[in-house]
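Worksheet: the structure to be examined is printed underneath.
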Amino acid sequence: MTADGPSVSVRVPAKLNLFLAVRGRLSDGYHDLVTVMQTVSLFDELQAGVVGPPGRGHHPAGRRKMRVELRHDVVDGLPAASENLAARAAVALGRASGILEADTVASPQAVPDRGAGDHGTDGGSDGGPHEPRTVLDLRKGIPIAGGMAGGSADAAAALVALNQLWGCDFTGEELREVAAEVGSDVPFCLVGGTALATGRGTSLARVLCRGTFHWVVCQAREPLRTADVYRSWDQHCRPSESEPDAVLQALRSEDDVALGAALHNDLEPAAYALRPELVEDKAALLAAGALGAVLSGSGPTLLALGSDADAARRIAGEVASRFARVAVASSPAGGPDVSDRRAR
Ligand code: C5P
Numbered sequence: 004m005t006a007d008g009p010s011v012s013v014r015v016p017a018k019l020n021l022f023l024a025v026r027g028r029l030s031d032g033y034h035d036l037v038t039v040m041q042t043v044s045l046f047d048e049l050q051a052g053v054v055g056p057p058g059r060g061h062h063p064a065g066r067r068k069m070r071v072e073l074r075h076d077v078v079d080g081l082p083a084a085s086e087n088l089a090a091r092a093a094v095a096l097g098r099a100s101g102i103l104e105a106d107t108v109a110s111p112q113a114v115p116d117r118g119a120g121d122h123g124t125d126g127g128s129d130g131g132p133h134e135p136r137t138v139l140d141l142r143k144g145i146p147i148a149g150g151m152a153g154g155s156a157d158a159a160a161a162l163v164a165l166n167q168l169w170g171c172d173f174t175g176e177e178l179r180e181v182a183a184e185v186g187s188d189v190p191f192c193l194v195g196g197t198a199l200a201t202g203r204g205t206s207l208a209r210v211l212c213r214g215t216f217h218w219v220v221c222q223a224r225e226p227l228r229t230a231d232v233y234r235s236w237d238q239h240c241r242p243s244e245s246e247p248d249a250v251l252q253a254l255r256s257e258d259d260v261a262l263g264a265a266l267h268n269d270l271e272p273a274a275y276a277l278r279p280e281l282v283e284d285k286a287a288l289l290a291a292g293a294l295g296a297v298l299s300g301s302g303p304t305l306l307a308l309g310s311d312a313d314a315a316r317r318i319a320g321e322v323a324s325r326f327a328r329v330a331v332a333s334s335p336a337g338g339p340d341v342s343d344r345r346a347r
């Protein structure tokens, strides 16, 4: 366990974009999207707890100075704590709820996990070793910087966990408002399932999905930054009028062949301009028998749809050498799953 006080664990799934159209740019510089998002069975797990001396500081409603500390099991590619969306979500919720006074939220600090019993920091100048601190302990299973909302999923997990741990009592709607401040995909990650998202990606409508779909999730060797892909779209692409009807119909009718044919992502040419090798990688997925293949979000992860779990495994085996990592997963995968004081 991370914390010596109460703790909450949340398991949260990655997301896929089955359809993504870019209508143009919004006045704030973001892009106006129509996208169908669905959770998929690759998971991160976040445990949130409060560490502090007994009898003092365990309940942050005392509005003390509270450091937010981030521990994690991977180091490569994970953003520093000040930029990590889980830590940023914690700070945003602390401020929005008034549980933490705005000027007492210390900068999040990252601590690589060096094994059980290592509780990390000396507390630094924003709070000594005897000050209470909220610890977020992250176990990554979702590709980092892969276009699968790994960071956004962690942010959603932090919001759900801390809403409970800190006793904020925010409603779903209030949490979604904080989520939208943290990142465009975070509101979807809070609810999960299947949704049609518009605007920045934060306006959500539930979508009916029957059945289960089987995917090969192909992680590229080099990550891509979302902002770079949208900048590339500005340079190379024009607003599109593609509509998601065929994807929505395929989901309603549990038709994997129709879904494979309807998969669509306007960010593909933008990502391919930055990573030309993805074009051949996608062709290889189709040649291996995928019902369809598409870039996931801003990439560089590619998704291939199999007709069933065996077909997905067979395709994965055939293309594995092209990618850094290939996983088989199914969708939809629900939303954040909470448990109190769950032991690992
Ligand atoms: O909202 P989020 O921080 O996840 O977005 C990361 C970057 O992706 C933004 O800084 C922006 O450059 C780009 N973006 C965009 N339009 C969207 C979503 C993201 O331009 N709808």
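So the sequence shown is residues 4 to 347, counted in the working numbering. Just so it is clear, CB atoms sit at the ideal spot from N, CA and C, and this is done for glycine as well.
Residue i: CB within 7 Å of a non-hydrogen atom of ligand 1
i: A230; result: yes
i: S10; result: no
i: S187; result: yes
i: H34; result: yes
i: R14; result: no
i: G204; result: yes
i: Y233; result: yes
Identity of the residues DSSP links to residue i by a beta bridge
i: H34; result: R28
i: L19; result: Q41
i: N268; result: L23
i: D258; result: Looking at the DSSP assignment, D258 forms no beta bridge with any residue, so it has no partner.
i: H217; result: G309 and S333
i: G202; result: L36
i: S12; result: Q50 and S342
i: Q222; result: R328
Proximal residues to residue i (C-beta, below 6 Å), its chain only, five neighbours per side dropped
i: T197; result: Q41, V210, C212 and P335
i: H34; result: V25, R28 and Y233
i: K285; result: A296 and L305
i: G348; result: A query on residue 348 cannot be resolved here, the shown segment of the chain reaching from 4 to 347 and no further.
i: A160; result: V13, V15, L49 and P339
i: A253; result: A261, L262 and A265
i: H122; result: Confidence at H122 is low in this model, with a pLDDT of 34, below 50, so its placement is unreliable and the value that follows should be read with caution. The answer is none, since no qualifying residue turns up.
i: E271; result: L298
i: V189; result: S155, A158, A159 and A182
i: G167; result: Per the sequence shown, residue 167 should be read as Gln rather than Gly. So the qualifying residues of the chain are V11.
i: E321; result: A291
i: T229; result: S301
i: A249; result: A265
i: R203; result: Y33 and S187
i: G149; result: Q222 and T304
Coil, strand or helix - residue i by DSSP
i: A327; result: coil
i: G195; result: coil
i: T229; result: helix
i: V210; result: coil
i: S155; result: helix
i: S100; result: helix
i: A273; result: helix
i: G175; result: helix
i: S299; result: coil
i: R278; result: coil
i: S235; result: helix
i: A51; result: strand
i: R136; result: strand
i: R381; result: With the chain represented from 4 up to 347, any question about residue 381 goes unanswered, as that position is not in the structure.
i: R70; result: strand
i: E86; result: coil
i: A291; result: coil
i: A148; result: coil
i: D188; result: coil
i: R241; result: coil
i: E283; result: helix
i: E246; result: coil
i: L81; result: coil
i: G170; result: coil
Sequence-distant residues of its chain with Cβ nearer than 7 Å to residue i (five each side left out)
i: G118; result: Here G118 scores only 40 on pLDDT, less than 50, and its place in the model is too uncertain to base an answer on.
i: L162; result: A92, L96, L178, V181, A182 and L193
i: A200; result: L36, T38, M40, F191, S206 and L207
i: H239; result: P272, A273 and A276
i: D311; result: H217
i: A319; result: V219, V329 and V331
i: S342; result: S12
Spatial neighbours of residue i in its chain, beta-carbon cut-off 8 Å, leaving aside the 5 residues before and after
i: L277; result: L227, D231, V232 and S235
i: V108; result: Low per-residue confidence applies at V108: pLDDT is 46, beneath 50, and the placement is therefore not dependable enough to give any value.
i: L288; result: V219, C221, A296, L305, A307, I318 and V322
Handout entry: Inter-stretch contact (C-beta, 8 Å, three-pair minimum) for the segment 325-333 and the segment 171-185
Key = The segment 325-333, when compared against the segment 171-185, does not touch it at the 8 Å Cβ threshold.
Exercise for the section: Decide yes or no for the touch test of the segment 156-166 against the segment 45-55: beta carbon pairs closer than 8 Å, at least 3 of them. Expected result: The segment 156-166, when compared against the segment 45-55, does touch it at the 8 Å Cβ threshold.
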